[in-house]
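Chains F and L are the protein sequences, given in the same order. The numbers in the numbering used here rise by one with no breaks, and the one at position 71 of the first sequence is 382. The numbers in the numbering used here rise by one with no breaks, and the one at position 273 of the second sequence is 796.
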Amino acid sequence: MIDAGTIRSRWWSRRHRLAFVGWLYALPTAVVVGFLFVVPIAMALWMSLNRWPILGEPTLNFPNNYTSIPRDFLFVQAISFTILYTAIITVVLLGLGLFLALLVEGQSKVVGVLRTAYFLPAVVGLTAAALLFYALYAPGFGPINPILQDLGLIDEPIRFLGSPNTALFSVIAMMTWKFAGFYMIILLVGLQGIPRELYEAARIDGAGRLQSLRYITLPLLRPSIALCLVLMVSGAMLAFENFFVMTQGGPDRSTVTMVMAIFRAAFSQLDLGRGAALAIVVMTALVAFNALWLTLVRRGQT
Amino acid sequence: MNFASMTPATARRAAHLLIAGILAVFFLLPLVYAVLGSVTGRRADGTVGFTSRHYERLLNYGFGLDTYLTNTTIVVLLTVVISVVVAVLGGYAFARFNFPGKTLLFVSALAILMVPHATLLIPLYVVLGETGLRNSLVGLSLVLVMFQLPFSLFMMRNSFDAVPRELDEAALVDGCSSFQAMRMVLLPAVMPGVITVALFAFLTGWNEFIAALILLNDGRLFTLPVALVSIQQGDWGIIDFGALQAGVVVSALPCLILFLLLQRAYISGFTAGAVRG
């Protein structure tokens with residue numbers, strides 16, 4: 312005869328065995344998360360409390376790595392530059408992404424080809440794209456200056472990457488080329504979720520195209536737009552490769568992004584502790600932004 | 524064509540297509556230019572036309588294109604294989620098992636997305652240095668597996684979740700072990716997810732620049748993107764633009780071909796949040 316105790320213990324042992332098996336399957340994930348993510352994050356926090364030269368022994372110097380940040384001219388300048396870049400690229404990408412999505416909303420062969428054409432640059436690696444545009448802009452090599460001169464639009468060749476403002480917008484042009492099609496796809500998915508009947512009803516009620524866009528498309532597209540904004544802002548705030556490859560932060564350090572300033576402190580000035588402190592500050596700001604944005608979006612939905 | 528006889532609707536459609544077409548040209552032109560630019564130039568006899576010289580110089584740049592391509596291939600293979608193994612096992616665990624710490628582990632893995640790569644690369648430079656994995660293609664691949672993990676794991680967990688439980692429960696009743704049930708019954712059902720995970724692991728391994736730049740010191744270990752940037756930074760201030768164009772084509776071509784072959788996996792991965800920019 313089997314009593315309740317035996318049943319319970321069998322049940323427990325089966326449950327325990329399953330939990331153990333589950334843990335075994337999750338073990339590789341735990342190893343990657345533990346050794347390559349949790350340990351480094353803890354390490355970054357610890358490093359930021361120390362003077363940590365690349366060569367030589369670290370020594371505790373809290374809070375110097377943090378209190379010296381306001382005096383780090385390059386980083387302070389990088390904050391405002393990165394915010395400026397983020398603001399411009401976000402507006403441009405969202406506008407063009409939305410325009411492209413509305414342009415190729417339908418379901419025909421031509422539309423399919425157009426979508427592929429817009430999306431193709433998104434497939435190329437960021438470094439390759441930056442190098443490609445570097446060559447396009449290059450004085451004496453790239454085709455853009457000769458084309459503009461032949462068209463009579465400019466007299467003298469423009470040094471696209473040679474002055475602060477043109478350098479910023481030249482990089483923005485490259486990023487727009489590379490990412491507009493990617494955001495078009497996200498917005499297309501959102502557009503396809505809007506019921507056709509709404510447009511029919513609006514048309515019958517006498518709404519024009521712009522009114523449909525203003526009162527149906529944009530409000531119902533809000534979740535997709537919110538997703539795009541999170542991706543655009545967190546991507547732009549962490550910009551590195553594009554400026555590193557195309558401008559190296561120049562001319563006159565006018566295009567140094569926050570991540571460039573972090574790596575410069577860590578690996579050019581060989582001060583890993585200060586680099587870690589800057590990296591922690593940027594991470595905190597980004598997490599705070601994402602959390603704030605998420606609550607705003609949630610509140611907007613209810 | 525007689526424009527005057529067009530109805531407003533047709534005229535609007537024509538304008539629509541015209542704008543869309545012009546934009547498409549703008550998006551395609553840089554790629555076309557890179558391909559054409561990489562195979563044309565001044566030839567040995569002084570005339571301008573088709574030439575393979577840019578590719579020949581690229582082949583002999585630095586430690587040789589073959590070195591950089593081999594390194595990149597090793598990183599790609601390791602990143603793809605480890606990502607798939609970790610994500611398939613982990614996805615199965617999170618979809619089908621209950622164990623203490625399950626939620627904590629899953630949330631920690633997703634939290635990787637929230638942390639800037641720079642914040643992780645500085646301590647990783649030290650941690651990997653202690654373990655002999657800095658300046659190593661294996662170490663770089665492990666870091667890339669970690670960067671990809673939130674996406675890979677999320678993708679595989681959802682793929683396993685979408686398969687009805689009855690399928691593997693039937694296999695377990697028939698006497699399969701949980702591993703056999705996963706490998707023989709579930710794996711075929713989650714193959715689209717595996718392909719998407721592998722595709723994005725490939726793209727990360729092939730294109731990653733920052734991690735490779737910081738973790739690899741030895742020029743013999745450089746991956747293709749790092750080598751191309753060193754061409755662009757020029758020896759003694761002279762940039763070989765021809766070789767650079769050829770390098771851009773070599774770097775971009777596999778990505779373009781994979782996209783045309785695997786469009787479905789591509790779009791599902793992109794919209795599931797594989798990339799940020």
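Don't be surprised by glycine CBs; every beta carbon is placed ideally from N, CA and C. All of these numbers come straight from a predicted model, not from anything done at the bench.
Item: Cβ pair count under 8 Å reaching 3, the region 421-429 of chain F against the region 489-506 of chain F; Value: yes
Item: Closest residue to Ala341 of chain F among L:Ala547, L:Tyr556 and L:Leu627 (Cα-Cα distance); Value: L:Leu627
Item: Within-7 Å CB hit, Val556 of chain F to chain L; Value: yes
Item: Proximal residues of chain L, C-beta to C-beta of Met354 of chain F below 7 Å; Value: Pro646, Val649 and Val650
Item: Check whether Leu676 of chain L and Ala610 of chain L have beta carbons under 7 Å apart; Value: yes
Item: Interface positions of the region 338-353 of chain F facing chain L (Cβ-Cβ less than 9 Å), listed along the chain; Value: Leu338, Pro339, Thr340, Ala341, Val342, Val343, Val344, Gly345, Phe346, Leu347, Phe348, Val349, Val350, Pro351, Ile352 and Ala353
Item: First and last residue of the uninterrupted alpha helix (DSSP H) at Thr719 of chain L; Value: Met714 to Asn730
Item: Contacts that Leu665 of chain L makes with chain F (C-beta to C-beta distance below 7 Å); Value: Leu347
Item: Beta-carbon neighbours of Asn601 of chain F, restricted to chain L and to distances below 7 Å; Value: Met637
Item: Beta strand (DSSP E) segment containing Arg565 of chain L, residue limits; Value: Thr563 to Arg565
Item: Between the CA atoms of Met486 of chain F and Ile400 of chain F - distance to the nearest angstrom; Value: 8 Å
Item: Endpoints, alpha helix (DSSP H) assigned at Val421 of chain F; Value: Lys420 to Val434
Item: Helix, strand or coil at Thr746 of chain L [DSSP, three-state]; Value: coil
Item: Beta carbon proximity, Arg799 of chain L to chain F, threshold 7 Å; Value: At Arg799 of chain L the pLDDT is 49, less than 50, meaning the model places this residue with poor confidence; the figure from the coordinates comes in the next sentence. It does; some Cβ of chain F falls within 7 Å.
Item: Phe573 of chain L - DSSP class collapsed to helix/strand/coil; Value: strand
Item: Alpha helix (DSSP H) runs wholly inside the region 459-539 of chain F, at least 4 long, in chain order; Value: 475-503, 507-515 and 520-523
Item: Proximity test, Cβ basis, 7 Å: Tyr336 of chain F and chain L; Value: yes
Item: Residue from L:Ala734, L:Val713, L:Met679 and L:Met669 with nearest C-alpha to Leu690 of chain L; Value: L:Val713
Item: Beta bridge counterpart(s) of Asp582 of chain F as assigned by DSSP; Value: F:Pro364
Item: Chain-ordered neighbours of Pro432 of chain F on chain L, where CB pairs are closer than 8 Å; Value: Phe550, Pro553 and Leu554
Item: Ser575 of chain L burial status per 10 Å Cβ neighbour count (16 or more: buried); Value: exposed
Item: Any C-beta of chain L under 7 Å from that of Phe480 of chain F; Value: no
Item: Spatial neighbours of Leu479 of chain F in its chain, beta-carbon cut-off 7 Å, leaving aside the 5 residues before and after; Value: Tyr396 and Thr566
Item: Continuous alpha helix (DSSP H) stretch holding Met669 of chain L: start and end; Value: Leu660 to Asp684
Item: Straight-line gap, Leu601 of chain L to Gly546 of chain F (C-alpha atoms, nearest Å); Value: 26 Å
Item: Closest Cα partner of Ile497 of chain F within the set F:Val556, F:Leu462, F:Val570 and F:Leu407; Value: F:Leu407
Item: Pairwise C-alpha distance: Arg525 of chain F and Val661 of chain L; Value: 52 Å
Item: Interfacial residues, the region 572-599 of chain F to chain L, with Cβ spacing under 8 Å; Value: Ile573, Phe574, Ala577, Phe578, Leu583, Gly586, Ala587, Ala590, Ile591, Val593, Met594, Leu597 and Val598
Item: Option in L:Ile733, L:Ala750 and L:Leu739 with minimal Cα separation from Ala641 of chain L; Value: L:Ile733
Item: Under 9 Å from the C-beta of Met358 of chain F: neighbouring residues of chain L; Value: Ile645, Pro646 and Val649
Item: CB contact below 7 Å: Ser701 of chain L versus chain F; Value: yes
Item: Where Ser774 of chain L meets chain F, residues with beta-carbon distance less than 9 Å; Value: Val435, Gly436, Thr438, Ala439 and Leu442
Item: Cβ contact check for the region 580-598 of chain L and the region 735-746 of chain L: 3 or more pairs under 8 Å; Value: yes
Item: As assigned by DSSP and simplified to three states, the class of Thr530 of chain L; Value: coil
Item: Close-in-space but distant-in-sequence residues of the same chain around Phe723 of chain L (CB under 7 Å, 5 per side omitted); Value: Gln671, Phe674, Gly792 and Ala797
Item: Between the CA atoms of Tyr445 of chain F and Gln768 of chain L - distance to the nearest angstrom; Value: 10 Å
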